[in-house]
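A.B. asks:
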Amino acid sequence: MKTIWWIRRDLRLGDNLTLQAASREAQVLPVFILDPRLLTGTPARRQAFLFNGLQTLAADLQMRGSNLVIRRGDPAKILAELIADSGAQTVFAEEDFTPYAVQRDKAIAEQLPLTLIQRQLVHHPMAVLKSNGQPYTIYTPFSKTWKSIMPGSLHPTPAPDTISTIPGITSDPIPARSTEQLFPAGEAEANKRLTSFLDERIYDYGENRNRLDIDGTSALSPYLHFGMLGLRSAVDYARQAISVSHNEESRKSSQTWLNELIWREFYIHILYHFPHVQKNSFRTQYDQIQWRNDPDEFEAWKQGQTGYPVVDAAMRQMLATGWMHNRARMIVASFLVKDLLIDWRWGEHWFMQNLLDGDVAANNGGWQWTAGTGTDAAPYFRIFNPLLQSKKFDPQGVYIKKWVPELAHLDANIIHAPWEKNITLANYPEPVVDHKFARQRTLEAYKNARS
DNA sequence: TGAAATGTTGGGGCG
DNA sequence: ACGCCCCAACATTTC
């Protein structure tokens with residue numbers, strides 16, 4: 005018996021039922037296909053993270069007597085070739101739920117013996133439905149049902165000791181790319197970070213996760229996106245943390261982290277059930293908003309030159325590291341959409357071009373949430389005040405000073421809004437817009453769209 | 001997982 | 001002692 009393990013977004017050996025299924029009583033050929041249709045939309049930085057992840061996966065496989073085969077091209081064509089060359093009878097793959105993946109796999113399954121295994125999520129999108137058979141569109145009832153049907157244990161399995169491989173299949177080289185300083189790729193690194201987070205920080209997550217000046221989040225998103233860490237493992241550990249918590253606060257913190265993982269799954273389900281959100285507002289009336297879309301203001305936002313210190317700090321953090329704190333994502337997204345009145349899709353695209361974790365579902369869900377165009381109760385009038393957010397979540401200006409060095413010499417009572425104290429700086433811009441004015445303008449634009 | 005506008009209450013300064 | 005004003009603190013409504 006010979007099988008192919010088609011790796012897509014499960015770059016790991018542990019907690020991998022697809023690999024287990026493929027290698028059960030079989031010689032298995034691990035394959036990753038560089039699909040030009042996906043790669044052209046993937047910026048160099050995220051490609052590098054992926055390639056480095058493939059490099060470590062190849063090494064992990066080699067240690068177990070196996071080897072990774074890389075091929076570039078159309079998946080259907082390459083799989084057909086590999087089946088012919090190797091004599092494999094079946095292709096196993098972890099099911100993926102983006103519109104592109106669903107369509108691709110459906111077409112391939114019509115021609116080739118493809119078996120999809122649902123282990124990316126805790127629940128398949130078709131398994132969490134309302135009593136009328138329709139998908140949930142509001143997070144809280146979704147999460148209630150999601151939790152109530154969660155199995156007692158998710159049984160994450162360790163990586164197999166050995167993997168028997170089909171010999172003699174040639175591989176393209178893995179494209180070499182420089183390594184991210186702050187986010188080294190790979191399963192071992194992901195597990196190391198998870199362990200460190202579970203050791204202590206998870207128990208203060210509820211309070212610290214919103215703080216821009218504290219490493220309170222897990223920062224696991226790039227690893228979760230590529231499956232270097234399985235979401236199911238993360239959920240299982242979250243549940244363990246909840247059960248071993250000794251006080252109410254640490255229990256609530258662990259639950260909050262679990263809820264964040266459920267948000268991730270929620271948005272994957274939403275995109276699966278409502279693929280139109282990829283191009284349009286979930287709430288169609290908001291497709292009528294008259295965006296200003298000023299190109300100069302968009303450029304200032306992208307480069308972290310808006311004159312709002314907390315916004316600029318966040319945008320520069322992303323440029324410098326390929327990652328942005330989640331609270332900061334909400335602040336800059338609100339600023340782009342509600343203060344500059346620029347189409348949320350522009351921001352969504354810039355995030356996809358710059359984030360290592362750039363994930364169609366989570367990113368789209370987050371942007372539509374902020375824009376108030378999305379699924380959950382995110383009313384159009386929920387407009388962040390960047391100064392209040394800044395003072396609340398970075399009280400001493402530590403985050404600002406780190407990413408906007410021009411302001412590093414300013415006191416905490418000045419740094420959030422230097423212009424209010426009539427401080428002008430030679431190398432830092434004046435605010436691109438007045439928040440109070442912009443707020444009114446946006447309320448008006450949204451009101452017009454609804455009428 | 002919002003913030004501004006508006007309303008209410010109560011303490012303190014002061015005539 | 002009392003009424004008036006101011007305003008902070010908190011609550012509610014509105015966008």
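Numbers given in my numbering equal positions in the first sequence, counted from 1, plus 4.
Heads up, the beta-carbon is just placed ideally off N, CA and C, and yes, glycines get one too.
Contact between the region 318-337 and the region 416-424: three or more CB pairs below 8 Å?
C.D. replies: no
A.B. asks: Whole-angstrom Cβ separation of Gly-311 and Val-436, contact assumed at under 8 Å?
C.D. replies: By one-based count along the first sequence, residue 311 stands at place 307. By one-based count along the first sequence, residue 436 stands at place 432. Confirmed, about 5 Å.
A.B. asks: Return the chain-ordered list of same chain residues with a C-beta closer than 7 Å to the C-beta of Tyr-384, the five sequence neighbours on each side being excluded.
C.D. replies: Looking up residue 384 in the first sequence gives position 380. Around Tyr-384: Gly-376, Tyr-450.
A.B. asks: Which term fits Pro-313, buried or exposed, when burial requires 16 or more other beta carbons within 10 angstroms of its beta carbon?
C.D. replies: Translated into positions along the first sequence, residue 313 becomes position 309. Classification for Pro-313: buried.
A.B. asks: Would you please state the rounded distance, in angstroms, between the beta carbons of Leu-33 and Ile-170? I believe it to be under 8 Å.
C.D. replies: Residue 33 sits at position 29 when you count from the first residue of the first sequence. Residue 170 sits at position 166 when you count from the first residue of the first sequence. Right, the Cβ-Cβ distance comes to about 5 Å (below 8 Å), so this counts as a contact.
A.B. asks: Residues in the same chain with beta-carbon distance under 6 Å from Arg-296, minus the five sequence neighbours each way, listed in chain order, please.
C.D. replies: Indexing the first sequence from 1 puts residue 296 at position 292. Answer for Arg-296: Leu-345, listed in chain order.
A.B. asks: Could you compute how far the alpha carbon of Pro-162 sits from the alpha carbon of Leu-21?
C.D. replies: Start at 1 with the first residue of the first sequence, and residue 162 comes out as number 158. Start at 1 with the first residue of the first sequence, and residue 21 comes out as number 17. Between the alpha carbons of Pro-162 and Leu-21 lies a distance of about 10 Å.
A.B. asks: For the putative contact between Pro-495 and Pro-103, defined by C-beta atoms under 8 Å, what is the C-beta separation to the nearest angstrom?
C.D. replies: In the structure displayed, the chain extends from 5 to 455; residue 495 sits before or after that span and is not available.
A.B. asks: With DSSP as the reference, label Ala-80 as helix, strand or coil.
C.D. replies: Translated into the one-based positions of the first sequence, residue 80 becomes position 76. Here Ala-80 sits in helix by DSSP.
A.B. asks: On the DSSP letters alone, give me the boundaries of the alpha helix (DSSP H) that Thr-471 sits inside.
C.D. replies: Here the chain has residues from 5 to 455 only, and residue 471 is not among them.
A.B. asks: Can you find at least 3 beta carbon pairs, one from the region 277-293 and one from the region 226-246, that sit closer than 8 Å?
C.D. replies: no
A.B. asks: Rounded to whole angstroms, what is the Cα-Cα separation between Gly-362 and Met-328?
C.D. replies: Residue numbering aside, residue 362 sits at position 358 when the first sequence is read from its first letter. Residue numbering aside, residue 328 sits at position 324 when the first sequence is read from its first letter. The C-alpha of Met-328 is placed about 11 Å away from the C-alpha of Gly-362.
A.B. asks: Within the chosen definition, does the region 83-97 reach the region 113-121 through at least 3 CB pairs nearer than 8 Å?
C.D. replies: With the cut-off at 8 Å, the region 83-97 and the region 113-121 touch.
A.B. asks: Roughly how far, in whole angstroms, is the beta-carbon of Leu-198 from the beta-carbon of Leu-224, given that I think they are within contact range, below 8 Å?
C.D. replies: As a first step, residue 198 must be located in the first sequence, where it is residue number 194. As a first step, residue 224 must be located in the first sequence, where it is residue number 220. Their Cβ separation, rounded to whole angstroms, is 6 Å, which keeps Leu-198 and Leu-224 in contact under 8 Å.
A.B. asks: Quick check on the DSSP output: what are the complete alpha helix (DSSP H) runs of length 4 or more inside the region 338-373, in order along the chain?
C.D. replies: 348-358
A.B. asks: Is it true that the CB of Glu-191 sits closer than 8 Å to the CB of Asp-100?
C.D. replies: Mapped onto the first sequence, residue 100 falls at position 96. Mapped onto the first sequence, residue 191 falls at position 187. No.
A.B. asks: Could you check the C-alpha separation between Arg-445 and Asp-343 for me, to the nearest Å?
C.D. replies: For this step, residue 445 is matched to residue 441 along the first sequence. For this step, residue 343 is matched to residue 339 along the first sequence. Taking the straight line from one Cα to the other gives about 8 Å.
A.B. asks: Around the C-beta of Lys-405, are 16 or more other C-beta atoms found within 10 angstroms, so that it is buried, or is it exposed?
C.D. replies: Translated into the one-based positions of the first sequence, residue 405 becomes position 401. That one is buried.
A.B. asks: Would you say Val-341 and Gly-326 are within 8 Å of each other, going by their C-beta atoms?
C.D. replies: In the first sequence, the residue the question calls residue 341 occupies position 337. In the first sequence, the residue the question calls residue 326 occupies position 322. For Val-341 and Gly-326, no; Cβs fall outside 8 Å.
A.B. asks: For the region 204-212 and the region 251-264, state whether three or more C-beta atom pairs, one from each stretch, are separated by less than 8 Å.
C.D. replies: yes
A.B. asks: When DSSP labels each residue in this structure, what does Tyr-432 get in the three-state scheme?
C.D. replies: As a first step, residue 432 is located in the first sequence; it is residue number 428 there, counting from the start. Collapsing the DSSP output to three states places Tyr-432 in a strand.
A.B. asks: Drop a sphere of 10 angstroms on the beta-carbon of Thr-144, count the other beta-carbons inside from all chains shown, and report buried for 16 or more, exposed for fewer.
C.D. replies: In the first sequence, counting from the first residue as 1, residue 144 sits at position 140. Exposed, since its Cβ has fewer than 16 Cβ neighbours within 10 Å.
A.B. asks: Identify, in the order they occur along the chain, each residue of the same chain with its Cβ nearer than 6 Å to the Cβ of Ala-365, setting aside the five sequence neighbours on each side.
C.D. replies: In the first sequence, residue 365 corresponds to position 361, counting from 1. Shown here for Ala-365: same chain residues with a beta carbon closer than 6 Å to its own, the five before and five after excluded, namely Tyr-271, Ile-272, Leu-275 in chain order.
A.B. asks: Could you pull out every residue in the same chain whose Cβ sits closer than 8 Å to the Cβ of Asn-358, ignoring the five residues on either side in sequence?
C.D. replies: In the first sequence, residue 358 corresponds to position 354, counting from 1. Cβ within range, chain order: Pro-47, Arg-49, Met-322, Leu-323, Gly-326.
A.B. asks: How far does the alpha helix (DSSP H) with Leu-61 in it reach, from first residue to last?
C.D. replies: Here the question's residue 61 lines up with position 57 in the first sequence. Its alpha helix (DSSP H) spans residues 48-66.
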